[in-house]
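These notes are about the structure you will find just below.
Numbering (the working numbering), first residue to last: 118 to 198.
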């Protein structure tokens, strides 16, 4: 699932996959808030889940934290269905 999430981030954020390192920050990747919205929307569609824009993702300090928060949310939501 991590690779699938990273692929969506790379595609929607128009970032080369090599730049997606665990310690990369949203700022260092040059992602703007509209990019984040597009990424989260694409992840919602890919995994058939709802991702609130005010969730734990806002607290993520780096890419690893963001991917872990998204992955945990997907697993939690799938378990509730």
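Note that the Cβ used here is the ideal one computed from N, Cα and C, for glycine as well.
Check your understanding: Would you report the Cα separation of residue 186 and residue 175, rounded to the nearest angstrom?
Key -> 9 Å
Check your understanding: If you draw a straight line from the alpha carbon of residue 133 to that of residue 127, how long is it in whole angstroms?
Key -> 6 Å
**Study point:** C-alpha distance - residue 194 paired with residue 139, whole-angstrom precision
**Key:** 24 Å
Check your understanding: Run through DSSP, which three-state label would residue 141 get?
Key -> coil
**Study point:** Residue interval of the alpha helix (DSSP H) (run including residue 181)
**Key:** 180–197
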